[in-house]
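The structure under discussion appears below in the form of structure tokens.
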Amino acid sequence: MRLLVRDLAQLATPAGRAAPLRGAALREVEVTRAAYVLCEDGRIAATGRMSELGPLGDDVEEIDARGLSAIPGLVDCHTHACFAGDRVDEFSLRAGGASYEELHARGGGILSTVRATREAGDAGLAAALAEHVGWMLRAGTTTFEAKSGYGLDRETELAQLRAVRDAGGIPTWLGAHTVPPEFAEQGADAYVDFLLAEVLPDAAKIAEAADVFLERGAFDPDQARRYLTACRDAGLVLRLHGDQFTESGAVPLAIELGARSVDHLEATGPAGVSELARSEVVGVLLPASALFLNRPMPPARALVDAGAAIALATDFNPGSAFCESLPLVCSLAATQMSLTPEEGLAACTVNAAHVLGRAERKGRLAPGFDADVVLVAAEDWRHVAYHLGGPVVHTVIADGKVAWEGSA
Ligand code: NIG
Ligand code: FE
816 MRLLVRDLAQ
826 LATPAGRAAP
836 LRGAALREVE
846 VTRAAYVLCE
856 DGRIAATGRM
866 SELGPLGDDV
876 EEIDARGLSA
886 IPGLVDCHTH
896 ACFAGDRVDE
906 FSLRAGGASY
916 EELHARGGGI
926 LSTVRATREA
936 GDAGLAAALA
946 EHVGWMLRAG
956 TTTFEAKSGY
966 GLDRETELAQ
976 LRAVRDAGGI
986 PTWLGAHTVP
996 PEFAEQGADA
1006 YVDFLLAEVL
1016 PDAAKIAEAA
1026 DVFLERGAFD
1036 PDQARRYLTA
1046 CRDAGLVLRL
1056 HGDQFTESGA
1066 VPLAIELGAR
1076 SVDHLEATGP
1086 AGVSELARSE
1096 VVGVLLPASA
1106 LFLNRPMPPA
1116 RALVDAGAAI
1126 ALATDFNPGS
1136 AFCESLPLVC
1146 SLAATQMSLT
1156 PEEGLAACTV
1166 NAAHVLGRAE
1176 RKGRLAPGFD
1186 ADVVLVAAED
1196 WRHVAYHLGG
1206 PVVHTVIADG
1216 KVAWEGSA
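Just so we're aligned, residue 816 is where the sequence shown starts under the working numbering, counting upward by one.
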């Protein structure tokens, strides 16, 4: 099974083989003009200039890519895509002035999605997730992570993880998202006891990583440490939701525990920036969430300049970021966080693949990598970030096959 994408105006890929990329290396994008990509059996067999393309023989499907450019399939390393229902009513209330934290404290917010997700059943949940995965694919995402955290009981947490796995996603166990109503009286410590005793043993068989919401009103650093340490002992990679509203010790805890990433960072100050920069922990930035909640943007420029490894993701979820588009996230990165299109591209391809433990296979257009390719509807690939909210995704190739073709 061979697929040749020919006559591309540009082929753009993060340079080099290292991951995660930091500092000046984050800006190094290799651009080949008048280019081709040859896919074979789900992998990239070759890339290069059309003038160097030798005879291929028969049996090759071709895509005429004149007027288009190619970038690696996008990697969304932080989503909550496995949810039922929506929160459009809450969105209207927030638009009129109510705050996200107020709604959460009143039993709305995350808990209203928990109610809908518990009621959906396996088939309902799979159908909702399939719809969301379709949206992500049309936005150019060929690899996605999705978290549980809308079950908060044993059965629904495991159902969410299975649904993500079965939809081709990479499941993260976010049992410690918030304290469910069943534990309202006993509190967060008792809920963590329950999670570790009753859910972790099975969650660890399905999920690749564990995540916790470390925040005022959710889990404190001691509870987060206890949860994450047990998850690490069960073989899971560690992630944290940290410094979203308040700086509450997520960065030092992530470093102490050797977490793969700490995500959000809207409230991180200069000390957190330099600590993170000296560590191996990736800062996952979620500008669509900051925009959606009208919060300050995370200190992306300072992080990159200090030498931190960063990734960009959507945080796609019904409450704080009803947005599945990584191209839009790249536009926000460029316009709101002073990241160049090149830095944005590396952050949602190779560095995001590193967060998901897949940097050897995903996030670059190079021989041996998975044949996941986005054809951008412009001759200059930087339109991905430049065309704010525009129809930039022309065609999506996943595993060497056309997975979506736009009408552009
Ligand atoms: O990353 N902050 C916690 N969790 C999600 C929001 C989930 C929701 O509102 O449903 C986030 O923003
Ligand atoms: Fe999140």
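We treat Cβ as the ideally placed atom computed from N, Cα and C, and that holds for glycine.
Three-state secondary structure (DSSP) of residue 1159: helix
To the nearest angstrom, how far is the alpha carbon of residue 1160 from that of residue 923? 35 Å
Open item on the list: Between the alpha carbons of residue 1197 and residue 1157, how many angstroms are there, rounded?
Closed with: Residue 1197 and residue 1157: Cα-Cα distance of roughly 8 Å.
Next item on the list: Report the residue from 997, 911, 932 and 947 whose alpha carbon sits nearest the alpha carbon of residue 973.
Entry: 932
Practice problem: Return yes when the Cβ of residue 890 is within less than 7 Å of the Cβ of residue 1167, no when it is not. | Solution: yes
Q | Rounded C-alpha distance that separates residue 1073 from residue 1095 | A | 8 Å
Expressed to the nearest angstrom, what Euclidean distance is found between the alpha-carbon atoms of residue 1129 and residue 1150?
-> 16 Å
Since residue 888 contacts residue 1189 with CB under 8 Å, what's their CB separation in whole angstroms?
With a beta-carbon spacing of about 6 Å, residue 888 and residue 1189 fall inside the 8 Å limit used to define contacts.
query = Sorted by chain position, which residues of the same chain lie with C-beta nearer than 6 Å to residue 963's C-beta, five sequence neighbours on each side aside?
reply = 972, 975, 976, 988 and 989
- Item | DSSP three-state assignment for residue 1059, whether helix, strand or coil | coil
Point to revise | Beta-carbon spacing of residue 1136, residue 1103 below 7 Å | key: Cβ atoms of residue 1136 and residue 1103: closer than 7 Å.
Just verifying my parser: in three-state terms, what is the DSSP assignment at residue 825?
strand
Handout entry: Alpha-carbon spacing of residue 950 relative to residue 1162, whole angstroms
Key = 21 Å
Comparing the CB of residue 1202 with every heavy atom of ligand 1, is any distance shorter than 6 Å?
-> Every heavy atom of ligand 1 is 6 Å or more from the Cβ of residue 1202, so no.
query = Alpha carbon to alpha carbon, what distance is there between residue 929 and residue 862?
reply = 46 Å
From the DSSP output, read off the bridge partner residues of residue 988. 1025
By DSSP, does residue 1076 sit in helix, in strand, or in coil? strand
- Message: Just to confirm, is the Cβ distance from residue 1003 to residue 1034 under 7 Å?
- Response: yes
- Query: Under a three-way DSSP split, which group does residue 851 fall into?
  - Reply: Residue state, collapsed to three classes: strand.
Please confirm whether any heavy atom of ligand 2 lies closer than 6 Å to the CB of residue 1058. Annotation for residue 1058 indicates a beta carbon at 6 Å or more from all heavy atoms of ligand 2.
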